[in-house]
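What follows is a set of notes on a single structure, which appears directly below.
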Amino acid sequence: MRLIVTGGAGYIGSVVADQLVAGGHKVIVVDDLRKGHAAAVPPNAQHARFDLADTAALDALFDRTAPDAVLHFAAYSLVGESVQRPDRYYHNNVTVTLGLLDAMQRHGVRRLVFSSTAAVYGDPQRIPIVEDEPTAPTNPYGATKLAIEQALPWYEAAFGLRFVSLRYFNAAGATDRLGEDHDPESHLIPLLLQVALGQRPYAEIFGTDYPTPDGTCIRDYIHVSDLAEAHVLALEALDHGSRIYNLGNGAGFSVREVLETARRVTGHPIPAVEAPRRPGDPPRLVAASDRIVAELGWRPRFPDLEAIVGSAWEWARRHPTGYPEEDGPLE
Ligand code: UDP
């Protein structure tokens, strides 16, 4: 297939783009590099560098490439930042995505794999979380992803759009080539590894008074390669109907447990200080991924947290300053 991968220079998008290229697809990455890295785009993919809000550029790309499907990763995805700047999240994650859907419709492209998030559930009543759990986001990030999820069935009914929405839990780990490199870094595992590399004096634990056994937040960490494989399966299944799937390992680890794992993996003491809660963080997010296992035959190959952190550590050691510097964003 000919595939447009928005955000394909980012952490998850680049790993998916890599797998799609390896699977023989023709991949066109759209990424303006405001967050992504040119070096993360697969060597055999095309890279169209423009802002997705640029409708004319999008139309020209659809005209030129006639894609069979779109995988839409490009978005802002930080819980804390979304609480501070909901305006940016609504604009980029909702307005720009609706513009992409319009462009798809103008060009008769009716297949979409959409990056959604466990943040749509808010503070769920039942753990592990099934897809039918009520959605009630506790932060603008989750709310903006949910807004698009809620639009998709209407677009399907009216325009025949087929979609698979994948609700990611906590992507982590690295492949040989691709890893996590955000600026500034805000994610737990890369921050712990930066301490182990001597780049930060200590880590912070955001909140120790949550209603969890050790008082810190519990998350379900999933290896980015396993996450990526689910996209390939989703793409293949698109013609059978639209679906929503959770993607996690079904095991929850507290911030303190992740810290202990990082200490074991790196052999570094990783000092940590207790800090206030980060606004918008729900106490516990753990996936039931039975639906995608049963329907698409998805099987995580790295369900073990130690292996996930180990792969991130390998990558961090080989890329202590992340990807090579590239030009700044176009804006
Ligand atoms: N966290 C933390 N210290 C940090 C970064 C994150 O305690 O320096 C916590 C955060 O509050 C959350 C968990 O680690 O409970 C995972 O956060 P991350 O930002 O990695 O992913 P998120 O769950 O927000 O997608």
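Read in order, the letters of the sequence shown correspond to residues 1490 to 1820 in my numbering.
For glycine and all other residues, C-beta sits at the position ideal for the given N, C-alpha and C.
>> If you follow the beta strand (DSSP E) that residue 1654 is in, where does it begin and where does it stop?
In response: First-last of the beta strand (DSSP E) with residue 1654: 1651-1657.
> Would a C-beta distance cut-off of 8 angstroms place residue 1685 and residue 1755 closer than the cut-off?
Replying inline: yes
>> Taking 7 angstroms as the cut-off, is the beta-carbon of residue 1675 closer than that to any non-hydrogen atom of the ligand UDP?
In response: yes
> Does the region 1522-1542 come close enough to the region 1582-1589 to have 3 or more Cβ pairs within less than 8 angstroms?
Replying inline: yes
>> At a threshold of 7 angstroms, does residue 1520 count as lining the ligand UDP (C-beta to nearest heavy atom)?
In response: no
> Going along the chain, which residues of its own chain have a beta-carbon closer than 6 angstroms to the beta-carbon of residue 1567, five neighbours each way excluded?
Replying inline: 1675
>> So, at 8 angstroms on beta carbons, what are the nonlocal neighbours of residue 1501 in its own chain, with the 5 sequence-adjacent residues on each side left out?
In response: Answer for residue 1501: 1562, 1604, 1657, 1660, 1713, 1716, 1717, listed in chain order.
> Any heavy atom of the ligand UDP closer than 7 angstroms to the Cβ of residue 1692?
Replying inline: The answer is yes for residue 1692.
>> I need the DSSP call for residue 1590, collapsed to helix, strand or coil.
In response: Residue 1590 falls in the helix class under three-state DSSP.
> Contact check, residue 1763 vs residue 1694 under 8 angstroms by CB: the rounded distance?
Replying inline: 5 angstroms
>> Do residue 1710 and residue 1780 count as a contact pair if the criterion is CB distance below 8 angstroms?
In response: no
> What residue range is occupied by the uninterrupted beta strand (DSSP E) comprising residue 1761?
Replying inline: 1761-1764
> Looking only at DSSP bridge pairs, what is residue 1847 linked to?
Replying inline: As displayed, the chain neither begins before 1490 nor continues past 1820, which places residue 1847 out of reach and without an answer.
>> Considering Cα atoms alone, identify which of 1519, 1523, 1491 is closest to residue 1513.
In response: 1491
> Opposite residue 1561 in the DSSP bridges: which residues?
Replying inline: 1495, 1603
> Contact check, residue 1506 vs residue 1494 under 8 angstroms by CB: the rounded distance?
Replying inline: 5 angstroms
> So, are the CB atoms of residue 1696 and residue 1773 less than 8 angstroms apart?
Replying inline: Against a cut-off of 8 angstroms, the Cβ pair of residue 1773 and residue 1696 comes out as no contact.
> Does the beta-carbon of residue 1820 have 16 or more other beta-carbons within 10 angstroms, so that it is buried, or is it exposed?
Replying inline: Only weak support exists for where residue 1820 lies, its pLDDT of 37 falling under 50; the coordinates are left without a value.
> Who are the Cβ neighbours of residue 1594 in its own chain at under 6 angstroms, not counting the five residues just before and after it?
Replying inline: 1648
> Do you know offhand how far residue 1638's Cα is from residue 1811's?
Replying inline: 32 angstroms
>> For the ligand UDP, I want to know if residue 1533 counts as a neighbour, meaning its beta carbon is within less than 7 angstroms of at least one of the ligand's heavy atoms.
In response: Not under cutoff, so the answer is no.
>> As an exercise, report each continuous alpha helix (DSSP H) stretch of at least 4 residues that is fully enclosed by the region 1658-1727, in chain order.
In response: Secondary structure in the region 1658-1727: the alpha helix (DSSP H) runs of 4 residues or longer, each lying completely within the stretch, are 1677-1685, 1713-1726 in chain order.
> Out of curiosity, what's the CA-to-CA distance linking residue 1570 and residue 1655?
Replying inline: 22 angstroms
> Alpha carbon to alpha carbon, what distance is there between residue 1549 and residue 1793?
Replying inline: So the two alpha carbons sit approximately 44 angstroms from each other.
> Residues in its own chain within less than 8 angstroms of residue 1809 by CB, not counting five upstream and five downstream?
Replying inline: 1686, 1688
> Would residue 1533 be called buried (16 or more neighbouring beta carbons within 10 Å of its own) or exposed?
Replying inline: exposed
>> For residue 1736, tell me which candidate among 1729, 1787, 1707, 1750 has the shortest Cα-Cα distance.
In response: 1787
> From which residue to which residue does the alpha helix (DSSP H) around residue 1630 run?
Replying inline: 1629-1648
> At which residues does the beta strand (DSSP E) containing residue 1567 begin and terminate?
Replying inline: Segment: none, residue 1567 is in no beta strand (DSSP E) and carries neither H nor E.
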